[in-house]
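Enquirer:
Chains as they are written, first to last, in the working numbering: chain A, 1 to 751; chain B, 752 to 832.
1) My assumption, with CB atoms under 8 Å, is that residue 336 of chain A sits in contact with residue 787 of chain B. Please give the rounded CB distance.
2) When DSSP labels each residue in this structure, what does residue 234 of chain A get in the three-state scheme?
3) Which residues does DSSP list as the beta-bridge partners of residue 75 of chain A?
4) Just by C-beta distance, which residues in the stretch 22 to 43 of chain A are closer than 8 Å to chain B?
5) Rounded to whole angstroms, what is the Cα-Cα separation between residue 613 of chain A and residue 446 of chain A?
6) Taking CB distances under 8 Å as the criterion, tell me whether residue 803 of chain B reaches chain A.
7) Starting from residue 794 of chain B, find everything on chain A with Cβ-Cβ shorter than 8 Å and list it in chain order.
8) With burial defined as no fewer than 16 other Cβ atoms inside 10 Å of the residue's Cβ, what is the status of residue 217 of chain A: buried or exposed?
9) At the 8 Å Cβ level, is residue 516 of chain A part of the contact set with chain B, yes or no?
10) For residue 84 of chain A and residue 463 of chain A, I'd like the C-alpha separation in whole angstroms.
11) How about residue 765 of chain B: is its C-beta nearer than 8 Å to some C-beta of chain A?
12) Going by beta-carbon coordinates alone, are residue 319 of chain A and residue 190 of chain A separated by less than 8 Å?
13) Given a threshold of 16 other Cβ atoms within 10 Å of its Cβ, counted over all protein chains shown, does residue 186 of chain A qualify as buried or as exposed?
14) How many angstroms separate the CA atom of residue 212 of chain A from the CA atom of residue 114 of chain A?
15) If the criterion is Cβ atoms closer than 8 Å, does the pair residue 254 of chain A and residue 235 of chain A meet it?
16) Buried or exposed for residue 19 of chain A, going by 16 or more other Cβ atoms inside 10 Å?
17) So, for residue 511 of chain A: in the same chain, excluding its five sequence neighbours on each side, which residues have a beta-carbon less than 6 Å away from its beta-carbon?
18) Check the Cβ-Cβ distances between residue 777 of chain B and every residue of chain A, and say whether any is below 8 Å.
19) Between which two residues does the alpha helix (DSSP H) containing residue 122 of chain A stretch?
20) May I ask you to list the residues that DSSP assigns as paired with residue 330 of chain A?
21) Could you list which residues in chain A have their beta carbon closer than 9 Å to that of residue 791 of chain B, in chain order?
22) By alpha-carbon positions, which one of A:561, A:432, A:488, A:710 ends up nearest to residue 535 of chain A?
23) According to DSSP, is residue 781 of chain B part of a helix, a strand, or is it coil?
24) Please check if any C-beta of chain B sits within less than 8 Å of the C-beta of residue 644 of chain A.
25) Report the three-state DSSP secondary structure of residue 157 of chain A (helix, strand or coil).
26) Can you list the beta strand (DSSP E) stretches of 3 or more residues lying completely in the stretch 235 to 286 of chain A, in chain order?
27) Taking 8 Å as the threshold (beta carbon to beta carbon), is residue 164 of chain A in contact with chain B?
28) Is DSSP giving residue 789 of chain B helix, strand or coil here?
29) Given the structure, does residue 104 of chain A come close to the ligand GTP, in the sense that its CB is under 7 Å from one of the ligand's heavy atoms?
30) Using a Cβ distance threshold of 8 Å, determine whether the stretch 295 to 312 of chain A contacts the stretch 374 to 385 of chain A, with at least three qualifying pairs required.
31) Quick check on residue 197 of chain A: does DSSP put it in helix, strand or coil?
32) Quick one: measure Cβ to Cβ for residue 469 of chain A and residue 581 of chain A, integer angstroms, because I've assumed they're closer than 8 Å.
33) If I measure Cβ to Cβ from residue 825 of chain B and keep anything under 6 Å in the same chain, skipping five residues before and after, which residues do I get?
34) Which word fits residue 104 of chain A, buried or exposed, when buried means at least 16 other C-beta atoms lie within 10 angstroms of its C-beta?
35) Using a beta-carbon distance below 8 Å, is residue 417 of chain A in contact with chain B?
36) Going by beta carbon distance, what residues of the same chain come within less than 7 Å of residue 815 of chain B, once the five residues before and after it are set aside?
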C-alpha cells in the first residue's frame, strides 16, 4: 500500500517493480557467496578460540599442531604488528586485538591462533592440537556487573570519557553521553501523570544466514587478493591493511554476493587471518565460520539496562523525560549508546529532558552494528512508557504521539532543527489503516509504537559506461544487501531514458571502481544513487554535445528527452542513445562517465507500526496475528525492495521481542550458539506484514530518497509489548518476552 | 555570525558554556576558533563529531562553508547498520 503525500512527477522507471537483476543467479544457485570461491592449491583454515570469558594468555604451544599431517601454517598474535607499539589509534588497536587476542582473551570465542592445512579436517585437528595455557580471570557479563564497585576490569587503562573531572580510577565504563534541555524538575511538576519504568534487553545477533567467509591469495611481492562477503569491501581492505600493517593499495578485495548483513558485516574478522596464513603458507587460504563461531565471535548488538521517567498533562502534552541508559559494548568500547541517546526521544518535542548514557565493556563478543544501531532498545523503553501515558490519561496512543510529534522546524532532542520529515504522515497512515479499528478477539490485543533513525550519506563513487548498442553498464562499489543494484539501474534508466532491462548494474572490486564507504546507514540508494545520477547527467550532457556536433548546431539547441537527442525546434530527426553510441568513435570516442561524492542532503526516516497479538494464558505463548508497518521512504525507487526492507526489519524486531537472546552460563560461556537454541522467527511464526510506504520526498535528493533499511526495526519490540499489555494486562519490561517470562507475569497478576 | 550549540558532553571543556556566537567562514575555521577559546575542544570536535549546519548533518565537513547566521550543532559520529 502507498500513502500518497506528493504525486509521482511522471517517472517512467522510478517507482516500478521490475525483475531484480540478481534474481536469476540466486534462484538457480549460480550466485557466488563468500564461501563459494575455490582457488587452485587452496588450503583450509581453522581458528583456535578461547574457552574462557576472561583470561590471561600464559603460553601458546604450537609444536604439535605444526607437525601434524597437511599443516602448512600456524599463526598467533606474534604474527601481527602490535599497533600499540606502532602509534596505532585506540580504535585500530582494539580492532587488531579483536581479530587476534594479544596477552588477554576478553570473551569466550576470542581468537588466539589460526591454522591452515590441506583439508578442513586437518586444519580442525591441528587447531585442536594448539595448547594454550590460560590464567582464568574473573569476568563481568552485564551492565550491572561491569559498573559495580570493585568490578574486575577488562582494560586497566580505561578512564571514562565525558566525565568532568576525569575519573581518578579506571573502570569498565568507556564513555558517558548526555543530552539535556530545559528544567527537568519544572517539567515533572507541570505533569498530571508521571510514569517511571526500568527495562532490560539482551544481546541479539543480526542472524544473517550466510556465515562470515573469506578466501585470500597472497603473492610473494606482498600483494594479496581477498574474496569475501561483507557490507563494504573497501572497508575490509582498509581494516585488513591496518591489522596487517601494510598499505591498503597492496590488497585487492572482490565482493562476493552477501547472504545478509544487517550491520554485522561491517567488521573485519577473518580477512587478516586468511591473508597472513596465505603469506605464511605460500598458497591461497579459505576461512569460513560455522554458525557456532558466528554466534560466539561476531558482533551481536548490545544488551542494555534503560530507565525512563516521563510526564504528561491531562491534555496530552509531554512535559519532561528523564532517561538513563547503560549499553554493553562487548569486549571493546564502542556500543551504540551515542546513537541511542540521540534517538531515544527524537520522535517527540519535549521541552524538558535529561538523557544520560554509558558505554560499558563486558566479557562478551564486541558488539557490531545492527539496523539503526542503539535505537531499537531505547525505543522499546520510551514507546512502552508512551503507551502507559496514553492509557493513563485516556487518550488514543496515536493521538498522544501526534500531539507531541516532531515536524519540520522542531528542535530535535539531539540538537539541530528537523528539515522536511514525514513522522506525522506515518502516524496518520496507521491511524487511517482499517486494521487500527478492526475488532479483536479473546486474548488478543493491539499495540502501536514509533521510531526514528538518522540515515547516512558518506562517500560513494559510480561509473556508467554506454555500450556500443546503446545499453549501459552501471558500475558501483557498494555491496548490494538490500536491492541497490535495482535502485541504481532504475535511476539510471530514468536519467538516460532507456529501458531498465538495457542497464546492467555491477558491483566491482576495489581496483575497478572508485572508493565507496560501507553499505550501511541506509545510505546506498541515497549516496551511491546520487553518484549514479551525477554520472548519468555527465553522459547526457556529453550525448547532447555529440548530437550537436552531428547536426553542426550549438549544444543549447539540443535536449535529451526520452532517451534521445532532440533539436529544440524539431528541425532534425531525433538521435537515439543507440544511434549516438554506435557512432561514438566519430564524435569523440567511447561514452563513459564517473562521479564521486560525499553525499549531502541526508533525509531522516520515521516509522509507525501496529501490532495485533494473541496471548495464550495457559502457555504464555504470544502469536503475532497481524502487523502493519508505515514508513517514510522519501521516494520509493524500488517499492518491492522497500517493502522487503520494512518487512525484514519487523520480522527481526518480532524475534528480538519474543525469543532472541544470548544466554550465558555463570562461566561466561554462551549456551545457545545455534539456530536450534537461539530462535529467530521462521515463516510460520509470522503473519503477513502489511506495509504502507509513505512518500514524503527528501527535497535534497534528486529523486527524493531518504533510505529505508534501518528504521523498520526500531518500533517492533515496543509495539509487541504494548499489544501484549492490551491482550493480557501485564507490562513486560524485559526482553525477550518469552513464554516463560510471560507466564510468570500472568501468574503474578493472578495472585 | 554563526550560532554554535555545544552539547552537554562538551561542556567539561567549555566551562559550562552551551551556546556561543562566532564569526567563521568554514567549519574548520570555526573549530580552530573554538579551540582557542576552549583549549582541547578542537581535537574532540575534529575526530569525534559530525556537524549539523542549519539542520543538515554532515561528515568530513572541515571545508564546508558556513552561511551567515547559521545554526551549528556538533554531534556524535553515528554508525549505521
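Note that beta-carbon positions come from the ideal geometry of N, C-alpha and C, so glycine has one too.
Expert: Let me lay it out:
1) Contact flag wrong, Cβ pair sits at about 33 Å.
2) Looking at residue 234 of chain A - three-state DSSP - the assignment turns out to be helix.
3) A:114
4) none
5) 7 Å
6) yes
7) None at all; the shortest Cβ gap to chain A is about 12 Å.
8) Residue 217 of chain A comes out buried.
9) no
10) Taking the CA atoms as reference points, residue 84 of chain A sits about 39 Å from residue 463 of chain A.
11) no
12) yes
13) exposed
14) 15 Å
15) It is not a contact, given that the beta carbons lie outside the stated cut-off.
16) Residue 19 of chain A counts as exposed, since fewer than 16 other beta carbons sit within 10 angstroms of its beta carbon.
17) Excluding sequence neighbours, residue 511 of chain A sits near 252.
18) no
19) 120 to 129
20) A:361
21) Result: empty, since nearest Cβ-Cβ is about 12 Å, beyond 9 Å.
22) A:488
23) helix
24) Not closer than 8 Å to any Cβ of chain B, the Cβ of residue 644 of chain A fails to qualify, so no.
25) coil
26) 251 to 255
27) Yes, its Cβ sits closer than 8 Å to a Cβ of chain B.
28) coil
29) By its list of ligands, the structure shown contains no ligand whatsoever, and the ligand GTP lies outside what it can speak to.
30) yes
31) strand
32) 7 Å
33) 796, 800, 802
34) buried
35) yes
36) 777, 778, 804, 809
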